[in-house]
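To start, the structure itself, in structure tokens.
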Amino acid sequence: MVLAPSSSITFDASDPATTVAIGRLFAYLAMGVAAVVLLYYALIYLREVLAIEATTEQWYLLAGIGAAIVYAVAGVASILLEPAWIGRFVDGAILFFILFLALSIRAVYYDQQAAGDRSPLLPAWADFVVIGSFVAAWWGAFLIETAATRLVVAVGWVVTSAWAVLYGVQAVRVHEGTTFAALTRHLLPAIVCVTAVVFVDLLMNILPGYEALADAIWLVGTTLVAAFLFTTAVAIRQQGGELERLYDWTTWREQSFEEGSLE
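Residue numbering for the sequence shown follows the working numbering, starting at 398 and increasing by one per position.
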């Protein structure tokens, strides 16, 4: 999800390229801050709120959030330092962001607490094969430095985006009323925004001449992703707050069962 490298930032407000570069810089920073905040509250959620074993889901989720942080850091570096190879890291980071969130949501969908007669079509080791294949393909293309890098990323974007959206909708439907559903419901718009920006970026490679439109969609889309990541963190904090209120002595009156009344 990287547009054409911009020139060095000179803070000349009359230069449109500089204005776009500064806007992209703030968008990367916003996404990085939102991802760090989400990571903090996700750790609290896993440690203090979640009451079931969700080892697979939690590691996929944390890996996805970590990829978002790498994406933001690499994006900032691509603007300030401008080495060509960092741009490929930006592409790869957003690929693994979508991939790990898709795997996390898929694991939630097949969680044993509400799975019923549903079971994964593929065995658990297939997930690791998928991850290993993407990692090996991306690193191989990166080290060889060929056009195949872009092809690997493009295929990965399309497949993982569709996968994430499909399982996101199904997970919310199956786990309605649970913290899993609340978390997925807030992450799903971020995935949709990333998917939209990804498809626009792919289209721009086929239909050149719309760079200004691509810049505008990228800025809006990335800012929305940051906003949705932040609202996901807020939702997690609210889940913890609701749990705390169950034990809050300032909101519960003492009940007397002998008298059948509330004092």
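Each residue gets a CB set at the ideal place from its N, CA and C atoms; glycine is no exception.
### Query
Between the C-alpha atoms of Ala469 and Leu426, what's the straight-line distance to the nearest angstrom?
6 Å
### CA-to-CA distance, Phe625 to Leu436, given in whole angstroms
13 Å
### Task
Below 7 Å CB to CB, which residues in the same chain sit around Ala567 once its five sequence neighbours on both sides are set aside?
Here residue 567 turns out to be Gln, not Ala, going by the sequence shown. These residues qualify, in order along the chain: Tyr506.
### Message
Quick check on Ala401: buried or exposed, where buried means 16 or more other Cβ atoms within 10 Å of its Cβ?
### Response
Residue confidence for Ala401 is low, a pLDDT of 43 falling below 50, so the modelled location carries little weight; the figure read from the coordinates is stated next. Exposed, since its Cβ has fewer than 16 Cβ neighbours within 10 Å.
### Query
Residues in its own chain within less than 7 Å of Ala512 by CB, not counting five upstream and five downstream?
Note on Ala512: pLDDT 49, under 50, position unreliable in the model; the coordinate value appears next. Correct list: empty, nothing qualifies.
### Query
Between Glu445 and Leu496, what straight-line distance do the alpha-carbon atoms span, to the nearest angstrom?
26 Å
### Query
Cα separation between Val487 and Ile528?
18 Å
### Task
Helix, strand or coil for His572, going by three-state DSSP, please let me know.
coil
### Message
Can you tell me whether Pro413 is helix, strand or coil according to DSSP?
### Response
helix
### Message
By alpha-carbon positions, which one of Ala613, Gln636 and Ala630 ends up nearest to Ala424?
### Response
Ala613
### Sequence-distant residues of the same chain with beta carbon closer than 7 Å to Val597, five excluded per side
Ala611 and Ile614
### For Gly565 and Ile633, believed in contact at Cβ under 8 Å, the rounded distance
17 Å between Cβ atoms; not a contact.
### Query
Do Val550 and Leu492 come within 8 Å of each other at the CB atom, strictly closer than that value?
yes
### Message
Ignoring anything shorter than 4 residues, give me the alpha helix (DSSP H) runs that lie fully in the region 422-477, in order along the chain.
### Response
452-477
### Query
Could you give the distance in angstroms between the alpha-carbon of Ala534 and the alpha-carbon of Thr557?
15 Å
### Query
When you compare each of Thr453, Gly472 and Leu443 to Met428 by their alpha carbons, which one comes out closest?
Gly472
### Task
Verify whether the separation of the beta carbon atoms of Ala499 and Trp560 is less than 8 Å.
yes
### Query
Is Leu604 helix, strand or coil by DSSP?
coil
### Task
Find out if the Cβ-Cβ distance for the pair Arg594, Thr619 is shorter than 8 Å.
A small fix is needed here, since residue 594 is Val in this sequence, not Arg. Their beta carbons are under 8 Å apart, which means Val594 touches Thr619 by this criterion.
### Query
Hey, would you say Thr575 sits closer than 8 Å to Gln636, going by beta carbons?
no
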